[in-house]
Amino acid sequence: MRGSLPLLSLCITVPALVAAPPKAAPHGLDLAGMDRTVAPGDDFFAYANGAWVKRTEIPADRGSYGVGREVADLTDRRTAALIRGAAQAPAGSELRKVGDCYASFMDQKRIEARGLSPLGPAFKAIAAIQDRTQLARYLGSTLRADVDLLNATNYHTANFLGLWVAQDLDQPDQYAPFLVQGGLGLPERSYYLDPSEGMAAVRTQYTTHVAAMLKLAGLSGVLERATAVVDLETRMAKAHLGREESGDIPKGNNHWRRADFAAKAPGLDWEAFFAAAGLTKPSVFVVWQPGAVTGLSALTAEVPLSVWRDYLAFHAIQHAAPVLPKAVRDQSFAFYGKVLSGASQPRERWTVAVDLTNQALGETVGKAYVSKYFPPSEKIRAERMVANIKGAFRVRIEHLDWMSPATKAKALAKLEALQVSVGYPDRWRDYRRLKIVPGDAFGNADRAERFEYARNLAKLGKPIDRTEWVMNPQLVNAVNLPVMNALNFPAAILQPPFFDPKRPMVMDYGAIGAVIGHEISHSFDDSGSLFDATGKLENWWTPEDLKHFQASADQLVKQFDAYEPFPGLHIKGKQTLGENIADVAGLAAAYDAYRLSLKGKEAPVVQGLTGDQQFFLSYAQSWREKTREPQLRQQILTDGHAPASFRPYTVRNLDAWYPAFGVKPDQKLYLAPADRVKIW
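Quick note on the working numbering: the sequence shown kicks off at -3 and runs consecutively.
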């Protein structure tokens, strides 16, 4: 997610599957997890985490594992207990809905007994597609609010297109419907177009998977049909923009009137599409990838309807796999789990059920979670830390020697207007209109998706709600909302080891403090700096200041381009630039805030470490993670975040890190003072 910690979501590892590593010292740093045979100046991640990496096994049902997963494991176990307890709530209450929803996802006997019958209406509607207008209607009926361009930076939907309802970038006092390219079953266009042997093998396995799913759907001649489906998706991929290009906000801000679609993207019956999608009222849309929309639309007229029907049948069964019989779930895992993430066994059912329940009724679950696990004292402590780091960031802006007074005034105004929400929303979401039926797993998941879609459509034409949260409180993550000029820090990330009242505060500044600084800094990264204090897409920089900012950003791009996780596969410095800017600026602001909090004194030596050593090690240990090769490759291709094991290298841009660890010019991470990136 933009401004978020990647892979720290409620996709939780089952603790019993983990070869439990030795625990960190209570309420302190994990000294046993360090590898002191590595020089900090050669590899700071390995120095801080090398022993942990050697002794830790990734759970069999996961593509990665790390400290974020540990925290999420604990959160998920707590959440599961709360959800199961909700089954005893009074009938008709929101809590009872939570309990009934979870129980339906856990009722595998009933799911098996129903077989594929829940997909019957979808299969019937697909089989009935006999002309291009009917195709457009069906494609419109699949549109969902399942993408997020600027907050979660989730550009992927397997549906034909995705919808994001958010503030218009030109007129942030009103909502706009954003349309985003979609239609691919693989993570990104390069999976279809990369000629390498490895990607070719993935495509072969994907074709086999599509054929297996079509067979489960009751079709015959499935290999030939699957080949045609993958060929269609390959043509879609050729029309798509890549991940890096999709992140170019000014290029994505394209306003099309409804009448423009027929001329600019001929092929699809757009009026039939919009009618089926419930989008008859909006007169203007933001089309994020115009070339992709034009290319996808043309394919609806060019590709035989029989291929479209097979494509839609595959996507219908694939999308519903979590709430369908075991044979479907196993086949889905065989490709998406084993091939794409490297996991060797599926997750246990209760973790999937918790995820699905959180997706359906997340804020009701969150209300119960914060009531039990997030005391007011921790909210107050977190808000105080946010204020301190925000203050430190203000001082940094005021003392920038390269920025003109005019640009500084705009930056300070934006920082002052930044709205920070800690723990949970002030107003909880209303789920009264979401129908939950005991025992109906498929129906509950489907109705929850439609409820969320309708909730987003209902925003159109209404005043902007700047208090809306985009994350559940029980999510181990955090986010910057650039158009709202706001931050969300969910309760679940505000717990040990990131945020611990029983350890020295300097360690918290190195962990959650760096996260807070990171989120604040996102308002001033390569994307956030495009928006003014009101959330309008507007250049508020003088030409000279912008030139300096871009030069520093280019310096950081080159720094990350040089990192090579696998021979020939480098981190994409441009694709990850926003996150890397936020890491550098956020860590610097957190460091300043920690020093300012001591009012000129030195932090006490703890665990044999100085205050600065505690700060930087806490930062590096907050990023400890181990990832399987298939998932790591996928992340490099599709994610705006650099892999976790490279993010501790941010320290090489802070002057204070060098004396803290005696880093010498001949060591690998050493940067000459002139080469250290200082943007804010």
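For each residue, glycine too, the CB sits at the ideal point set by N, CA and C.
C-beta atoms of residue i and residue j nearer than 7 Å
{"i": "leucine 115", "j": "alanine 312", "result": "yes"}
{"i": "asparagine 147", "j": "valine 418", "result": "no"}
{"i": "threonine 572", "j": "alanine 638", "result": "yes"}
{"i": "isoleucine 107", "j": "alanine 437", "result": "yes"}
{"i": "glycine 111", "j": "arginine 620", "result": "no"}
{"i": "glutamate 575", "j": "histidine 566", "result": "no"}
{"i": "valine 319", "j": "isoleucine 512", "result": "no"}
{"i": "asparagine 249", "j": "proline 286", "result": "no"}
{"i": "valine 659", "j": "glycine 274", "result": "no"}
{"i": "glycine 690", "j": "alanine 82", "result": "Here the chain covers residues -3 to 676 and nothing more, so residue 690 does not appear."}
{"i": "glutamate 374", "j": "leucine 490", "result": "yes"}
{"i": "glutamine 617", "j": "threonine 71", "result": "no"}
{"i": "alanine 222", "j": "alanine 207", "result": "yes"}
{"i": "glycine 263", "j": "alanine 294", "result": "yes"}
{"i": "alanine 316", "j": "lysine 410", "result": "no"}
{"i": "phenylalanine 119", "j": "proline 644", "result": "no"}
{"i": "alanine 714", "j": "valine 34", "result": "Examination of residue 714 is not possible in this model, given that the chain is present from -3 through 676 alone."}
{"i": "alanine 258", "j": "tryptophan 266", "result": "yes"}
{"i": "alanine 224", "j": "alanine 309", "result": "no"}
{"i": "alanine 755", "j": "glutamine 341", "result": "An answer regarding residue 755 cannot be provided, because it is not within the stretch -3 to 676 covered by the chain."}
Nearest to residue i (by Cα), restricted to the options the options
{"i": "glutamate 240", "options": "Gly569, Lys595, Met480", "result": "Gly569"}
{"i": "phenylalanine 545", "options": "Lys404, Asp662, Tyr332, Gln609", "result": "Lys404"}
{"i": "glycine 607", "options": "Tyr505, Pro626, Ala68", "result": "Tyr505"}
{"i": "valine 280", "options": "Glu598, Leu456, Gly333", "result": "Leu456"}
{"i": "leucine 633", "options": "Met195, Ser340, Asp522", "result": "Met195"}
{"i": "valine 479", "options": "Glu534, Pro469, Val382", "result": "Glu534"}
{"i": "leucine 352", "options": "Cys97, Pro55, Arg92", "result": "Cys97"}
{"i": "proline 321", "options": "Phe101, His395, Leu526, Pro183", "result": "Phe101"}
{"i": "glutamine 555", "options": "Arg648, Thr203, Arg380, Leu215", "result": "Arg648"}
{"i": "histidine 152", "options": "Gly181, Val161, Ile385, Ala162", "result": "Gly181"}
{"i": "histidine 205", "options": "Ala323, Arg128, Gly248", "result": "Ala323"}
{"i": "valine 226", "options": "His251, Glu66, Gly179, Ala121", "result": "Gly179"}
{"i": "tyrosine 134", "options": "Trp304, Ala233, Tyr202, Gln104", "result": "Trp304"}
{"i": "glutamate 53", "options": "Leu189, Ala87, Asn468, Lys622", "result": "Lys622"}
{"i": "serine 89", "options": "Ala482, Asp31, Gly531, Thr360", "result": "Thr360"}
{"i": "proline 743", "options": "Arg446, Ile376, Leu605, Asn476", "result": "The requested residue 743 does not occur in the structure, where the chain is confined to residues -3 to 676."}
{"i": "leucine 27", "options": "Gly358, Lys406, Val602", "result": "Val602"}
{"i": "alanine 172", "options": "Leu212, Leu189, Trp284", "result": "Trp284"}
{"i": "tyrosine 202", "options": "Ser328, Pro655, Ala444", "result": "Ser328"}
{"i": "proline 539", "options": "Ile508, Arg629, Ala402", "result": "Ala402"}
{"i": "alanine 255", "options": "Ala268, Thr200, Ser216", "result": "Ala268"}
Identity of the residues DSSP links to residue i by a beta bridge
{"i": "lysine 622", "result": "Tyr61"}
{"i": "glutamine 177", "result": "Leu157"}
{"i": "aspartate 522", "result": "DSSP output for aspartate 522 lists no bridge partner at all."}
{"i": "alanine 172", "result": "Ala162"}
{"i": "phenylalanine 281", "result": "Trp252"}
{"i": "leucine 533", "result": "Phe527"}
{"i": "phenylalanine 562", "result": "Leu565"}
{"i": "aspartate 144", "result": "Asn150"}
{"i": "histidine 485", "result": "Before going further, note that residue 485 is phenylalanine rather than histidine in the sequence given. DSSP output for phenylalanine 485 lists Val418 as bridge partner(s)."}
{"i": "leucine 357", "result": "None; leucine 357 has no bridge partner."}
{"i": "valine 602", "result": "Leu605"}
Integer-rounded CB distance, given that residue j should sit under 8 Å from residue i
{"i": "leucine 210", "j": "valine 218", "result": "4 Å"}
{"i": "valine 289", "j": "leucine 175", "result": "6 Å"}
{"i": "methionine 399", "j": "aspartate 541", "result": "5 Å"}
{"i": "serine 517", "j": "alanine 585", "result": "7 Å"}
{"i": "arginine 128", "j": "threonine 296", "result": "6 Å"}
{"i": "arginine 58", "j": "alanine 339", "result": "6 Å"}
{"i": "arginine 624", "j": "serine 337", "result": "7 Å"}
{"i": "leucine 583", "j": "alanine 670", "result": "Wrong, their Cβ atoms sit about 19 Å apart, outside the cutoff."}
{"i": "proline 486", "j": "asparagine 473", "result": "6 Å"}
{"i": "leucine 682", "j": "leucine 165", "result": "The requested residue 682 is not part of the displayed model; the chain covers only -3 to 676."}
{"i": "alanine 581", "j": "tryptophan 653", "result": "So it is not a contact: roughly 15 Å between Cβ atoms."}
{"i": "tyrosine 587", "j": "phenylalanine 611", "result": "6 Å"}
{"i": "glycine 243", "j": "glycine 636", "result": "7 Å"}
{"i": "valine 366", "j": "tyrosine 420", "result": "5 Å"}
Residue i: CB within 6 Å of a non-hydrogen atom of the ligand SAH
{"i": "arginine 133", "result": "For the structure depicted, the ligand SAH is absent and the ligand set is empty, with no information on it obtainable."}
CB contact below 7 Å: residue i versus chain D
{"i": "alanine 207", "result": "Of the protein chains in this structure there is only one, and it is not chain D."}
(request) Quick one: which unbroken alpha helix (DSSP H) runs of 4-plus residues sit fully inside the region 399 to 482? Chain order, please. (result) Correct list: 401 to 413, 437 to 453.
(request) Within the region 76 to 137, note down every full beta strand (DSSP E) run reaching 3 residues or more, in order along the chain. (result) Those beta strand (DSSP E) runs which fall completely within the region 76 to 137 and span 3+ residues do not exist here.
(request) Please go through the region 279 to 364 and give each complete beta strand (DSSP E) segment of 3 or more residues, from N-terminal end onward. (result) The region 279 to 364 contains, as complete beta strand (DSSP E) runs of 3+ residues, the segments 280 to 283 (chain order).
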